[in-house]
Amino acid sequence: MIDLKILRESPDVARDGIRKKHIDCDLEAVLKADEERRKLIVDVESLRAEQKSANAEMAQMQKGSPEFLEKVGEMRTLSSSIKEIDVALKALDETWNDLYLSVPNIPHESVPEGKSESENVEYKTWGEIPQQEAYQIPHYDFDWLEQILDFKRGTKVTGAGFPFFVGDGARLARSLVSFFLDQAGESGIQEMAVPFFVNAESATATGQLPDKEGQMYQTIQDGLYAIPTAEVPLTNFLRDEILEESDLPIYRCGYSACFRREAGSYGKDVRGLNRVHQFDKVEVLKWVKPETSYAELDSLREYAESLLQKLGLPYRALLMCGGVMGFSQTKQYDLEVWAMGQQRWLEVSSCSNFESFQSRRAKIRYKDLETGKNEFVHTLNGSGLAVPRVFVAILENGLQADGSVKLPEVLVPYMGKDRIEPK
RNA sequence: GGAGAGAUGGCUGAGUGGUCGAAAGCAACGGUUUGCUAAAUCGUCGUACGGGUCACACCGUACCGCGGGUUCGAAUCCCGCUCUCUCCGCCA
Numbered sequence: 001m002i003d004l005k006i007l008r009e010s011p012d013v014a015r016d017g018i019r020k021k022h023i024d025c026d027l028e029a030v031l032k033a034d035e036e037r038r039k040l041i042v043d044v045e046s047l048r049a050e051q052k053s054a055n056a057e058m059a060q061m062q063k064g065s066p067e068f069l070e071k072v073g074e075m076r077t078l079s080s081s082i083k084e085i086d087v088a089l090k091a092l093d094e095t096w097n098d099l100y101l102s103v104p105n106i107p108h109e110s111v112p113e114g115k116s117e118s119e120n121v122e123y124k125t126w127g128e129i130p131q132q133e134a135y136q137i138p139h140y141d142f143d144w145l146e147q148i149l150d151f152k153r154g155t156k157v158t159g160a161g162f163p164f165f166v167g168d169g170a171r172l173a174r175s176l177v178s179f180f181l182d183q184a185g186e187s188g189i190q191e192m193a194v195p196f197f198v199n200a201e202s203a204t205a206t207g208q209l210p211d212k213e214g215q216m217y218q219t220i221q222d223g224l225y226a227i228p229t230a231e232v233p234l235t236n237f238l239r240d241e242i243l244e245e246s247d248l249p250i251y252r253c254g255y256s257a258c259f260r261r262e263a264g265s266y267g268k269d270v271r272g273l274n275r276v277h278q279f280d281k282v283e284v285l286k287w288v289k290p291e292t293s294y295a296e297l298d299s300l301r302e303y304a305e306s307l308l309q310k311l312g313l314p315y316r317a318l319l320m321c322g323g324v325m326g327f328s329q330t331k332q333y334d335l336e337v338w339a340m341g342q343q344r345w346l347e348v349s350s351c352s353n354f355e356s357f358q359s360r361r362a363k364i365r366y367k368d369l370e371t372g373k374n375e376f377v378h379t380l381n382g383s384g385l386a387v388p389r390v391f392v393a394i395l396e397n398g399l400q401a402d403g404s405v406k407l408p409e410v411l412v413p414y415m416g417k418d419r420i421e422p423k
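Residues in the first sequence are numbered from 1 upward in steps of one, following the working numbering.
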């Protein structure tokens with residue numbers, strides 16, 4: 001959620017942010033509910049103050065005396081009107097809260113205007129994009145695919161979108177995870193192993209609930225949610241905590257399987273490994289002081305880029321335009337890797353600054369040494385990286401004339417060989 | 001899964017219906033004292049929301065695991081839930 005002060009004192013800033021994000025949000029209703037709510041609070045609190053001072057008097061009185069009994073009568077009336085207002089306030093609070101949560105974060109001034117993907121700004125491209133290669137084959141059309149990936153049996157065992165990785169495929173997926181975690185460790189990012197299920201409070205704090213409930217798998221018995229990204233448990237790790245200023249910045253990363261129902265997806269997007277219901281990913285999290293968060297965003301993006309560079313995979317970095325970036329982000333870069341076989345870009349990382357939007361919701365603060373006050377930290381996160389699409393790019397870009405796949409140098413120690421050969 | 005015990009401020013821990021936001025101690029922070037360290041001593045020492053202020057100050061309200069209830073009044077009584085600990089069972 002955004003700062004209430006901004007809403008109240010400069011609603012135009014919020015209004016412009018909503019416009020830039022092309023999100024439908026009734027700001028007037030939020031402001032109206034806020035005003036009504038505050039009025040009721042003042043009412044009920046002044047009555048409570050009255051009740052409290054009367055209680056102090058009554059504590060001194062002779063119990064059962066006529067004056068005491070008279071006071072009891074008076075207070076009975078007061079008490080019931082307090083209860084009445086309380087009920088109204090509770091109802092209003094709920095409406096107001098829903099409205100408040102529906103206000104998106106305000107995009108940073110450097111975020112380009114735009115509504116569709118075509119208006120994202122290509123920030124940078126890296127690597128040679130091979131054109132017109134003789135063996136441009138999408139990975140899902142490899143004739144020896146079943147040697148490393150088994151979609152059919154995945155469908156039998158679980159359902160569409162839950163492939164088995166087999167043999168060298170399984171090892172390649174595991175190698176990527178290890179490579180990503182090792183790289184993070186070398187960059188001073190502490191590794192965490194996280195729970196793959198979270199409760200409703202956690203899912204709410206990071207913004208999956210209430211609006212994205214349909215995108216998550218939920219357990220029947222305990223009402224837990226399978227995580228769509230390690231961002232959820234990682235961000236919630238420090239939920240409801242007040243940190244020391246000297247603790248910041250905090251860098252963490254975590255591997256997890258990510259579970260997404262992907263309701264509404266179709267077509268070429270879901271072919272092969274392009275979009276699956278369960279995939280491996282390493283996520284990087286940062287908790288930082290507000291004044292550093294945009295520099296931290298740049299270094300986060302550069303870190304994610306460095307992984308693709310070390311793997312030798314051509315990619316582009318996009319600065320997302322207002323209408324395409326997420327609801328909670330103020331600024332977002334996506335990294336897309338080039339998949340030669342499909343002749344298309346595949347998103348493998350998304351690096352975002354949330355400023356205090358998440359920390360406000362999750363109540364993650366730090367004590368500012370100068371003012372002595374508790375301030376909300378800024379949170380950032382970025383994929384570093386998602387496995388399946390990197391896997392795809394390695395297969396398609398590394399495909400050789402003889403049908404084998406040449407592996408990136410940096411993975412050789414993990415794979416124990418430099419290519420995957422069809423049998 | 002079964003039986004029992006418990007949950008109070010950063011920590012330890014008092015408090016069983018009425019000036020309790022909550023004793024005391026520890027830790028922390030600031031001052032004084034001291035040749036340094038240590039010790040002593042005085043003071044400060046929660047959070048949120050609302051009002052107020054340019055900003056402080058200040059004022060009000062709420063919060064003693066969470067949610068309900070009883071009562072003029074609840075940390076304290078009643079009900080439900082969650083979590084922690086101990087014992088038993090099961091188990092990678």
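Note that beta-carbon positions come from the ideal geometry of N, C-alpha and C, so glycine has one too.
Taken in chain order, the unbroken stretches of beta strand (DSSP E) that lie wholly in the segment 254-300 and span 3 residues or more are 278-288. Distance check between L346 and each of F357, D334, S352 places D334 closest, using alpha-carbon atoms only. Secondary structure note for R38: its alpha helix (DSSP H) is the uninterrupted segment 27-60. Annotated three-state conformation of F68 is helix, per DSSP. In the structure shown, R252 adopts extended strand secondary structure according to DSSP, grouped into three states. Only exposed fits K32, as fewer than 16 other CB atoms lie within 10 angstroms of its CB. In the DSSP assignment, Q332 falls within the beta strand (DSSP E) that extends over 331-339. In this structure, the beta-carbon distance from A184 to G384 falls below 9 Å.
It is roughly 22 Å from the alpha-carbon of K212 to the alpha-carbon of D93.
Within 10 angstroms of the beta-carbon of I220 lie fewer than 16 other beta-carbons, which makes it exposed. For secondary structure counted as the alpha helix (DSSP H) over 4 or more consecutive residues, the segment 133-216 holds these complete runs in sequence order: 151-157, 168-186, 200-205. In this structure, the CA atom of G64 is about 41 Å from the CA atom of E36. If you draw a straight line from the Cα of D34 to the Cα of G382, it comes to about 34 Å. In the structure shown, S118 adopts helical secondary structure according to DSSP, grouped into three states. When C-beta atoms of the segment 265-283 are compared with those of the segment 215-232, three or more pairs fall below 8 Å, so the two segments count as touching. R19: member of the alpha helix (DSSP H) spanning 11-21, first to last residue. Around the beta carbon of E302, fewer than 16 other beta carbons sit within 10 angstroms, so the residue counts as exposed. Look at Q309 here: in three-state DSSP terms it is helix.
Contact between L99 and V30 holds, with the beta-carbon distance rounding to 4 Å and staying under 8 Å.
Taking I189 as the centre and dropping the five residues before and after it, the same chain places the C-beta of Y251, R252, C253, V284 closer than 7 Å to its C-beta, in chain order. Closest by C-alpha distance to R260, out of Y217, V44, G17, is Y217.
I18 is the residue among A362, V72, I18 whose C-alpha sits nearest the C-alpha of V103.
Here the C-alpha atom of N97 lies approximately 31 Å from the C-alpha atom of E296.
In this structure, F237 places its C-beta atom within 9 Å of the C-beta atom of V194.
Cβ-Cβ distances below 6 Å link A203 to L209, Y225 in the same chain, with the five nearest sequence neighbours on each side left out; the list follows chain order.
Rounded to the nearest whole angstrom, the CA to CA distance from V42 to R365 is 28 Å.
W287 sits buried, since 16 or more C-beta atoms from the chains shown fall within 10 Å of its C-beta.
Look at the beta carbons and you see the segment 405-421 not touching the segment 319-339: under three pairs across the two are nearer than 8 Å. Here L149 is not near F162, since their CB atoms are 9 Å or more apart. By the beta-carbon neighbour count (other beta carbons within 10 angstroms, threshold 16), D141 is exposed.
Counting of Cβ neighbours within 10 angstroms places Y266 among the exposed residues, the total staying below 16.
When beta bridges are read from the DSSP output, H378 appears opposite V288.
Around the beta carbon of N55, fewer than 16 other beta carbons sit within 10 angstroms, so the residue counts as exposed. Excluding sequence positions up to five before and after S293, its CB lies within less than 7 Å of the CB of N353, E355, H378, L380, all in the same chain and listed in chain order. The residues K363, in chain order, have a CB closer than 7 Å to that of D240 in the same chain once the five nearest residues on each side in sequence are set aside. About 4 Å separates the beta carbon of P138 from that of G341, a gap short enough to meet the 8 Å contact definition.
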